[in-house]
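Structure, as structure tokens:
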Amino acid sequence: MKGSFSFEKNERVASQKLIDELFTGGNSQSVAAFPLRAVYMVRQREDGEPAAKVLVSVAKRRLRHAVDRNRTKRQLREAYRLNKHRLEGALPDDRQLVVAFIWLDDGLHDTAVVAARVKSLLKRIGAKLQNKKF
-10 MKGSFSFEKN ERVASQKLID ELFTGGNSQS VAAFPLRAVY MVRQREDGEP
40 AAKVLVSVAK RRLRHAVDRN RTKRQLREAY RLNKHRLEGA LPDDRQLVVA
90 FIWLDDGLHD TAVVAARVKS LLKRIGAKLQ NKKF
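Just so you know, we're using the working numbering here: the sequence shown kicks off at -10 and counts up by one.
This is the structure in structure tokens:
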């Protein structure tokens, strides 16, 4: 694994099965900080898997232009990359966190605002996980 500020391919949610489990399974939770909502769940961690996997979703009905959706997704990924260390120590080594960041607004926001919201969500998720018994 590279430095703690990397965001590698294996840290992304790519499996449709995992996405279905996240959104239709009964063990996921949600927190919101406008213009974002984070849906997350904790599952058993397999060998070689990262401690957290992330999905970034910006709907076409929210931001009609692809350039705007792509910019927003870049902002979200960068904010996560710089703040994912806030989740360290929140989970035991045998557990994995799966998080989906969903864009809720119809407009664009400054990178500083997006970063502040992602930081807030990660802090809240980390606090909830530390209070939870596994």
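For glycine and all other residues, C-beta sits at the position ideal for the given N, C-alpha and C.
By the neighbour-count definition (other C-beta atoms within 10 Å, threshold 16), Q18 is an exposed residue. Under DSSP, V47 takes part in no beta bridge, so it has no partner. At a Cβ-Cβ threshold of 8 Å, L25 and L93 count as neighbours. Taking the Cα of V28 as reference, the smallest distance to any Cα among R113, D83, E(-3), A55 is reached at R113. Secondary structure of R32 (DSSP, three-state): strand. Within 10 angstroms of the beta-carbon of F23 lie fewer than 16 other beta-carbons, which makes it exposed. Counting the other Cβ atoms within 10 Å of the Cβ of V56 gives fewer than 16, which makes it exposed. Here F90 is bridged, per DSSP, to A27, V45.
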